[in-house]
Amino acid sequence: MLGEAEIFRGVESGIADIAWYPVNPKDGFRLSTISLLPFLDWPNRRGALQIYEKLLNEFPPMKSEWDSVKILSISFMLPTHFHMVNPKKVFKFPSDIRGQKIITTGEHTEIIKALKAIPVEVPIGDWYTALERGVAQGALNHFGVAYIFGFLPLLKSHTVFEEGGINIIPVFMIMNKSKWEKLSHEIKKVFDDPEIKYAWPNKMWELEETERLQKALDFCKEKQHTFVYLDSKEIKMWKEAVKDIINQWIE
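Quick note: the sequence shown, position 205, residue 471 per my numbering, numbers continuous.
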């Protein structure tokens, strides 16, 4: 069993044949991390997938980042938002988050810093304890994660950044290149069939949106959590606050 930081290299080297892999810049990906950039106005996950696949097909340097493995399918996680322990603590403007301790994972650390908040990095399994003990005052992640790992009851205020969220993390189903090349032509055709290729993300989205996202939102409403929904004009202020991250990626 591979740890999160070992997934890509594990498949690449043949330790594992196939794996579900959330794109990680620590594995050397640059162009493929575009959807990790904050506040890029993704329409939703399905729209993001269409745009992302078009970029992969039209920009060879981006596609070449995956030359060492076989891409079987691509999906996207639920969009990320801010969630706070204090029900009266709402984020409407970037200045509202300054100085707040926000629990997060590595790919979001720079976003927290750019907003002049304080990132708290701990393994996802320890988020409940960190939030309960006041090590962090809030979290950056999606509703599904908060629900599955059981720390959603601690987060009573939610700032929602439209359907595209703060960002959306792409998830690839990848296969060891050598194992792929040994498959027969007939089996390869099955894997490459669009109906099969998109069956996984479609099923994943259905599961997440019914069994995770909807249940999470229903729980929040039942417990009378505070929700703040930002519109595109308000989100532009947040995008301006993190523009250096986007500019550095472009450079």
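Note that CB positions come from ideal geometry on N, CA and C, so glycine has one too.
Everything numeric in this text was worked out from a predicted model, so none of it was measured.
Query                                                                                                                                                               : Result
Which residues bound the beta strand (DSSP E) around M470?                                                                                                          : Run containing M470: none in the beta strand (DSSP E); it sits in the alpha helix (DSSP H), 465-473.
Just list the beta strand (DSSP E) runs in the segment 290-357, keeping only unbroken ones of 3 residues or longer that don't cross its boundaries, in chain order. : 335-342, 347-350
Anyone know if the C-beta pair for V508 and T425 falls short of 8 angstroms?                                                                                        : no
For the ligand GTP, any of its heavy atoms closer than 7 angstroms to the Cβ of E331?                                                                               : Inclusion of the ligand GTP in the displayed structure is not the case, the ligand content being empty and no account of it being possible.
Would you kindly check if the distance between the Cβ of Y394 and the Cβ of R478 is under 8 angstroms?                                                              : no
Beta-carbon separation of V351 and E278 under 8 angstroms?                                                                                                          : no
Assuming N290 contacts E373 (C-beta within less than 8 angstroms), just tell me the rounded distance between them.                                                  : 7 angstroms
Just verifying my parser: in three-state terms, what is the DSSP assignment at M439?                                                                                : strand
Starting from the Cα of F359, find the closest Cα among D510, E517, I501 and give me that residue.                                                                  : I501
In the DSSP assignment, the alpha helix (DSSP H) including H451 goes from what residue to what residue?                                                             : 451-458
Suppose you measure from the CA of F415 to the CA of I284; what does that come to, to the nearest Å?                                                                : 25 angstroms
Going by DSSP in three states, H491 sits in which element: helix, strand or coil?                                                                                   : coil
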